[in-house]
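Engineer: One structure is given below, represented as structure tokens, and several questions about it will come after.
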Amino acid sequence: MDGTAGFDRMWSELTPVGRSAATGGYRRYAWTDADRQLREWFGAEAARRGLQLTQDRAGNQWAWWGDPDSSPAVVVGSHLDSVPDGGAFDGPLGVVSAFAALDVLIQQRYSPNRPIAVVNFGDEEGARFGIACAGSRLLTGALAADRARALTDADGISMAEAMRRAGSDPDRLAADPETLARIGCFVELHVEQGRGLAELDQPIAVGSAIWPHGRWRVRLPGQANHAGTTRLEDRNDPMLAYARLVLAARTAAERHQSVATVGKVLVEPNGVNAIPSQVTAWLDARGPVPDRVRRLVAELAEQAEAAGGSLVQESWTEQTAFDAGLADRLRRLLPEAPVLATGAGHDAGILANAGIPTGMLFVRNPTGISHSPAEHAELADCHAGVRALGRVIAELAG
Ligand code: GLV
Ligand code: MN
Ligand code: MN
Numbered sequence: 004m005d006g007t008a009g010f011d012r013m014w015s016e017l018t019p020v021g022r023s024a025a026t027g028g029y030r031r032y033a034w035t036d037a038d039r040q041l042r043e044w045f046g047a048e049a050a051r052r053g054l055q056l057t058q059d060r061a062g063n064q065w066a067w068w069g070d071p072d073s074s075p076a077v078v079v080g081s082h083l084d085s086v087p088d089g090g091a092f093d094g095p096l097g098v099v100s101a102f103a104a105l106d107v108l109i110q111q112r113y114s115p116n117r118p119i120a121v122v123n124f125g126d127e128e129g130a131r132f133g134i135a136c137a138g139s140r141l142l143t144g145a146l147a148a149d150r151a152r153a154l155t156d157a158d159g160i161s162m163a164e165a166m167r168r169a170g171s172d173p174d175r176l177a178a179d180p181e182t183l184a185r186i187g188c189f190v191e192l193h194v195e196q197g198r199g200l201a202e203l204d205q206p207i208a209v210g211s212a213i214w215p216h217g218r219w220r221v222r223l224p225g226q227a228n229h230a231g232t233t234r235l236e237d238r239n240d241p242m243l244a245y246a247r248l249v250l251a252a253r254t255a256a257e258r259h260q261s262v263a264t265v266g267k268v269l270v271e272p273n274g275v276n277a278i279p280s281q282v283t284a285w286l287d288a289r290g291p292v293p294d295r296v297r298r299l300v301a302e303l304a305e306q307a308e309a310a311g312g313s314l315v316q317e318s319w320t321e322q323t324a325f326d327a328g329l330a331d332r333l334r335r336l337l338p339e340a341p342v343l344a345t346g347a348g349h350d351a352g353i354l355a356n357a358g359i360p361t362g363m364l365f366v367r368n369p370t371g372i373s374h375s376p377a378e379h380a381e382l383a384d385c386h387a388g389v390r391a392l393g394r395v396i397a398e399l400a401g
């Protein structure tokens, strides 16, 4: 099977899955019908190539070329889920490119000396239950299964219940050291989520590091009351504290040379003519220097507490430097490729922080836009990514 033709076929098969007709963006959330279709698609691609399909105890899917227990495997892949109204590339590009790269190797009659696996990490974006990289965190034990089962979505449905409705057994959910031990190294190919490659006029980069990043839940309580009859001086309106906090996040991020985003907010009871009783907002903060990110968050926590509320960490991922030896090999294989760090989180970061030699390849994104329907990569660059990944796998499994 030719790698590029296979890529094009797989890409067009995935295009309609979980796509909103209204926005053109993707809504591929964990343990939903779209997720089920994506998992079935992954299983069918494994079967098409005669790869052994497994699902680990953390809910991630694996397609194995060779006996997974013969020696530590070369693992490639990414995730298939999306943020709300996300783009087509963040995640699926890595999975589709992994299968297409295997096609190149199969066509070349390549014979690996180690098993090779394609992985689909579940729930990478955490769009439904709030914890990013839930699948890889569960796998490594960084997210406890009890905590994961109890996480709830916007409708109050727990992950356990969502899994049950999707036909999966939540009681099986657990860290999976046996699967983890099968991973010799992991290389995640991903669409670039910035303009680094576009500015350097290059199609492919080698990843060097992921900024430390985290998510925090901010609760700001108030007193529900009538919008017409309550005098301004009598109000306890949490929307004002919320507005101040969003502005403070921006100025603190500038001061600490970091980035901070409040992209999700819940207003209760959410009535036009009622002062809210509570505002809950989610802060995402990241930056190249961990202490600066922590100081930024500490300042906002103080502000939330002064307003009678709280700011509680939901997840934190340390600064990730990818394996230096693996990065050297990737750079030698792809001498034209620049080396880039990223502010985006990835399953590769979770695995690297669990001690697995891990690397990343980025594919040019002409506008740099990501987590948006406008996310894009040219087909020629995607094909270049498949060829690069094929060379990487051939080298690492040789
Ligand atoms: C995932 O894409 C993240 O960076 O939040
Ligand atoms: Mn993403
Ligand atoms: Mn991603």
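For what it's worth, my numbering labels the leading residue of the sequence shown as 4, then goes sequentially. Ideal Cβ positions, reconstructed from N, Cα and C, are used throughout, including at glycine.
Do the CB positions of residue 299 and residue 344 come within less than 8 Å of each other?
Structural biologist: no
Engineer: For residue 62, is the beta carbon positioned less than 7 Å from some heavy atom of ligand 1?
Structural biologist: no
Engineer: Quick check on this structure: which residue in 203, 77 and 64 has the alpha carbon closest to the alpha carbon of residue 341?
Structural biologist: 203
Engineer: I'd like to know whether the C-beta atoms of residue 395 and residue 333 end up nearer to each other than 8 Å.
Structural biologist: In this structure, the beta-carbon distance from residue 395 to residue 333 falls below 8 Å.
Engineer: Let's test the definition: count the other Cβ atoms within 10 Å of the Cβ of residue 99 and tell me whether it reaches 16, buried, or not, exposed.
Structural biologist: buried
Engineer: Using 7 Å as the cut-off, classify the Cβ of residue 212 as near or not near the heavy atoms of ligand 1, replying yes or no.
Structural biologist: no
Engineer: Are at least three pairs of beta-carbons, each pair with one atom in the stretch 153-160 and one in the stretch 100-110, less than 8 Å apart?
Structural biologist: Taking 8 Å as the limit for Cβ pairs, the verdict is that the stretch 100-110 does not touch the stretch 153-160.
Engineer: Following a CB-centred definition, is residue 128 positioned closer than 7 Å to any heavy atom of ligand 2?
Structural biologist: yes
Engineer: Name the residue from 314, 161, 183 and 247 whose alpha carbon lies nearest to the alpha carbon of residue 218.
Structural biologist: 314
Engineer: If I follow the unbroken alpha helix (DSSP H) through residue 327, where does it start and stop?
Structural biologist: 327-336
Engineer: CB of residue 193 to nearest heavy atom of ligand 3: below 7 Å?
Structural biologist: Checking the 7 Å criterion, the Cβ of residue 193 is within range of a heavy atom belonging to ligand 3.
Engineer: Quick one: grab the DSSP three-state call for residue 110.
Structural biologist: helix
Engineer: Rounded to the nearest angstrom, what separates residue 322 and residue 115 at their Cα positions?
Structural biologist: 33 Å
Engineer: Would you mind working out which of 25, 81 and 60 sits nearest residue 352, comparing C-alpha positions?
Structural biologist: 81
Engineer: What are the start and end residues of the alpha helix (DSSP H) that includes residue 386?
Structural biologist: 382-399
Engineer: In the structure shown, what three-state DSSP assignment does residue 260 receive?
Structural biologist: coil
Engineer: Taking C-alpha atoms, which residue in 316, 215 and 359 lies nearest to residue 190?
Structural biologist: 359
Engineer: Strictly closer than 5 Å from CB to any heavy atom of ligand 3: give me those residues in the order they appear in the chain.
Structural biologist: Residues flagged by the Cβ proximity filter: 93 and 94.
Engineer: Please state if the CB of residue 382 and the CB of residue 209 are separated by a distance shorter than 8 Å.
Structural biologist: no
Engineer: Can you say whether residue 22 is buried or exposed, counting buried as having 16 or more other CB atoms within 10 angstroms of its CB?
Structural biologist: buried
Engineer: Using a Cβ-Cβ cut-off of 6 Å (strictly less than) and excluding sequence neighbours within five positions of residue 178, which residues of its own chain qualify?
Structural biologist: 144
Engineer: Would you mind reading off the limits of the beta strand (DSSP E) that contains residue 320?
Structural biologist: Looking at the DSSP string, the run of the beta strand (DSSP E) that includes residue 320 is 313-320.
Engineer: Residue range of the beta strand (DSSP E) that residue 209 falls in?
Structural biologist: Start and end: 207-213.
Engineer: So, using beta-carbon positions, are residue 95 and residue 83 closer together than 8 Å?
Structural biologist: yes
Engineer: Give me the DSSP bridge partner(s) of residue 345.
Structural biologist: 213
Engineer: Scan the stretch 150-237 and note each continuous beta strand (DSSP E) run of 3 residues or more that stays entirely inside, going in chain order.
Structural biologist: Counting whole runs of 3 or more residues, the stretch 150-237 contains the beta strand (DSSP E) stretches 186-194, 207-213 and 216-224.
Engineer: Rounded to whole angstroms, what's the CA-CA distance from residue 138 to residue 147? Just pull it up for me.
Structural biologist: 11 Å
Engineer: Within the continuous alpha helix (DSSP H) that includes residue 9, where are the two ends?
Structural biologist: 6-17
Engineer: Out of curiosity, what's the CA-to-CA distance linking residue 56 and residue 310?
Structural biologist: 52 Å
Engineer: Does the distance from the C-beta atom of residue 213 to that of residue 386 stay below 8 Å?
Structural biologist: no
Engineer: Does DSSP classify residue 271 as helix, strand or coil?
Structural biologist: Strand, per DSSP.
Engineer: By the DSSP assignment, the alpha helix (DSSP H) with residue 120 in it spans what residues?
Structural biologist: First-last for residue 120: 119-124, but that is the beta strand (DSSP E), not the alpha helix (DSSP H).
Engineer: Compute the Euclidean distance between the alpha carbons of residue 192 and residue 79, then round it to the nearest angstrom.
Structural biologist: 8 Å
Engineer: For the structure I just gave you, are there three or more beta carbon pairs, one from the stretch 271-285 and one from the stretch 221-237, closer than 8 Å?
Structural biologist: yes
Engineer: With respect to the beta strand (DSSP E) encompassing residue 83, which residues constitute its N-terminal and C-terminal limits?
Structural biologist: For residue 83, there is no enclosing beta strand (DSSP E), as DSSP marks it with neither H nor E.
Engineer: Report the option in 366, 54 and 30 whose CA atom is closest to the CA atom of residue 205.
Structural biologist: 366
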